[in-house]
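1 is the number of the first residue of the sequence shown in full-length UniProt numbering; add one for each residue after it.
Yeah, the Cβ is synthetic: ideal placement off N, Cα and C, and Gly gets one too.
To keep things clear, I will list the structure first and then write my remarks on it.
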Amino acid sequence: MTTFVLVHGAWHAPWAWDRVVPLLHAAGMRTLTPDLTAAADQGLHDHVQAVVAAVDGIVAGRDDIVLVGHSYAGLVVREAADQRPDAVAHIVLVDGWAGPDGSSMFDLAPDTFVTAVRAAAEAQGDSRRIPAPPPAAFGIVDPDTAAGLAARLLPQPIRTFTEPTRLTGAVDRIAGTAIYCRPQTFPFARLGADVGYRTVALDGPHDVMLTHPEPLTRLLLDAHPYKNRKREV
């Protein structure tokens with residue numbers, strides 16, 4: 001059996017995977033969707049520990065574990081895998097940020113992004129949390145989907161973007177796949193390739209799990225040679 005640990009990106013929560021989870025279950029997979037809490041004092045390493053706890057909660061040796069990180073959570077799942085390299089079978093980035101040891105989100109992102117995010121956090125009053133951008137920033141333009149997304153997005157703790165990743169190099173022993181959405185909003189294909197992952201294109205917006213759950217699920221299933229696969233989605 002395989003367990004997919006699906007980790008949501010910035011401003012989102014576990015609900016981001018609600019359209020993918022039943023498709024993975026239909027294919028005979030288990031899923032976990034840890035919550036990267038949006039409290040103002042949270043940092044990248046706090047979020048990493050939430051994912052490590054999810055991995056530790058899976059019975060050792062029972063399941064293959066695939067860590068899936070969307071966007072910002074690419075940094076999170078890579079550091080979590082670095083701490084548990086013997087437990088994780090594969091890493092999948094979905095339009096995910098990734099870099100070497102010591103990289104933070106702000107180190108990897110373009111200056112225009114960093115400037116805009118800092119200004120938005122300062123406008124909130126205490127600079128500790130970044131207000132959520134509009135749904136269009138995630139490529140969501142359908143009115144109904146956009147309205148639902150806008151109602152659920154959360155402020156993001158700025159420490160999650162400023163703390164550097166801590167990698168020992170153990171993560172480099174784990175195979176990975178970088179799924180990047182087209183047209184690209186940021187250079188996710190290059191970031192994935194730079195850390196040694198196979199890159200796979202998927203036509204869709206940044207929040208592709210909301211708009212194209214079926215093709216995304218197929219790519220997740222194809223990313224690793226699973227045992228006990230019941231059927232394709």
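Cα-Cα separation between residue i and residue j, rounded to whole angstroms
i: A120; j: A73; result: 21 Å
i: R30; j: L23; result: 10 Å
i: L6; j: P34; result: 7 Å
i: A151; j: D63; result: 35 Å
i: A53; j: V59; result: 12 Å
i: E122; j: I130; result: 8 Å
i: V208; j: C181; result: 7 Å
i: E214; j: G28; result: 15 Å
i: T37; j: T145; result: 23 Å
i: V171; j: V68; result: 14 Å
Residue environment, residue i, which counts as buried when at least 16 other CB atoms sit within 10 Å
i: T112; result: exposed
i: I140; result: buried
i: P157; result: buried
i: D86; result: exposed
i: H90; result: buried
i: H8; result: buried
i: Q83; result: buried
i: H70; result: buried
i: H212; result: buried
i: D95; result: buried
Best match in the options for proximity to residue i [C-alpha to C-alpha]
i: S127; options: R159, P110, P133; result: R159
i: L167; options: S103, L32, F4, T2; result: S103
i: residue 283; options: A26, D82, V48; result: Nothing can be reported for residue 283: it is not among the residues displayed for the chain, which extend from 1 to 233.
Check: Using 8 Å as the threshold, is the region 192-199 in touch with the region 173-182, meaning 3 or more CB pairs across them?
Finding: Taking 8 Å as the limit for Cβ pairs, the verdict is that the region 173-182 does touch the region 192-199.
Notebook entry, point to check: Should the region 68-84 be called in touch with the region 30-44, which here means at least 3 C-beta pairs below 8 Å?
Noted result: yes
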